[in-house]
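Residue numbering for the sequence shown follows the UniProt record's numbering, starting at 1 and increasing by one per position.
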Amino acid sequence: MVILHAIMDKNTSGPQYSRMESNTVNITYRVGWGAADPRSKKQMSEPAKRVVIHHTAIRSGATPQDCIQQVTRIQKMHMKDRDFDDIGYNFLVGQNGMLYEGRGWGIVGAHTKGHNQDSVGIAVMGNFNNDLPTSAALSSVKRLLQDGVSRGWLHSNYTIFGHRDLANTECPGDKLYPEIQRLRSDRD
């Protein structure tokens, strides 16, 4: 299996394939994980003002291939069982720190009912009711957010939430939720 990596810039019409440099975010884009085409997609009218952190609540795979299978299963479940137009999240993060494009930047997600129009949904793969997220996953979330701001997809003064802050749910789990405060603090 070939995993394609690309750098997406707001000012281009599509992904620009190039070598990853130390100041870029390494993402497996939709073509790299074999995403099905979305039934439709809605563009955000301006940079996202909020970030909502989720967990997938299922055990995370350790290898890139495991993560790709999980992302593919999540997309199928969202489209078939929940009748979403696509995978609900904008991005997903494996415990190995690898990032996966869901809907991507600038596209309205389906991750937090009533809060999708101006937010980006990031799902950390795993169940964090009992398990701790890895430092690799948390570092990747932080780099993704920094990259989103620098590229103009995310408002520089964005607010970060756990899913439970906006809905009646345990998501993102008791072990991941405290890390959201650390992500907030790291921006200050």
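Built from N, CA and C at the ideal position, the CB exists for glycine as well.
Computed from a predicted structure; not experimentally measured.
Sequence-distant residues of the same chain with beta carbon closer than 7 Å to residue i, five excluded per side
i    : result
E179 : P133 and L138
H55  : A123, V124, G126, N127, F128, C171, P172, G173 and L176
F84  : H78 and A110
Residue range of the beta strand (DSSP E) that includes residue i
i    : result
R50  : A48 to H55
E101 : L99 to E101
G148 : Run containing G148: none in the beta strand (DSSP E); it sits in the alpha helix (DSSP H), S135 to S150.
L154 : L154 to G162
Member of the options whose CA lies at the smallest distance from the CA of residue i
i    : options                   : result
N168 : N127, V124, R143 and T112 : T112
T49  : K175, C171 and T159       : Here residue 49 is Lys; the residue named in the question, Thr, does not match the sequence. Nearest C-alpha to K49: T159.
T65  : Q117, Y100, D186 and F84  : In the sequence as presented, Thr is not what sits at residue 65; that position holds Gln. The shortest Cα separation from Q65 among Q117, Y100, D186 and F84 belongs to Y100.
W153 : W33, V108 and I68         : V108
S135 : L166, G97, F161 and S185  : G97
As assigned by DSSP and simplified to three states, the class of residue i
i    : result
E21  : Legend: pLDDT at E21 = 39, less than 50; position of this residue unreliable, value from coordinates given subsequently. It is coil, neither helix nor strand.
S40  : coil
S45  : coil
L183 : helix
G61  : coil
Cutoff 8 Å; reference residue i; Cβ partners in own chain excluding five residues on either side
i    : result
D118 : M44, E46, A48, K49 and R50
Cβ neighbours of residue i in the same chain (closer than 6 Å, five flanking residues each side left out)
i    : result
D147 : V25
For residue i, the first and last residue of its enclosing alpha helix (DSSP H)
i   : result
G32 : R30 to W33
Whole beta strand (DSSP E) elements within the region 73-123, 3-residue minimum:
Along the region 73-123, the beta strand (DSSP E) occurs as fully enclosed runs of 3 or more residues at 91-93 and 99-101, listed in sequence order.
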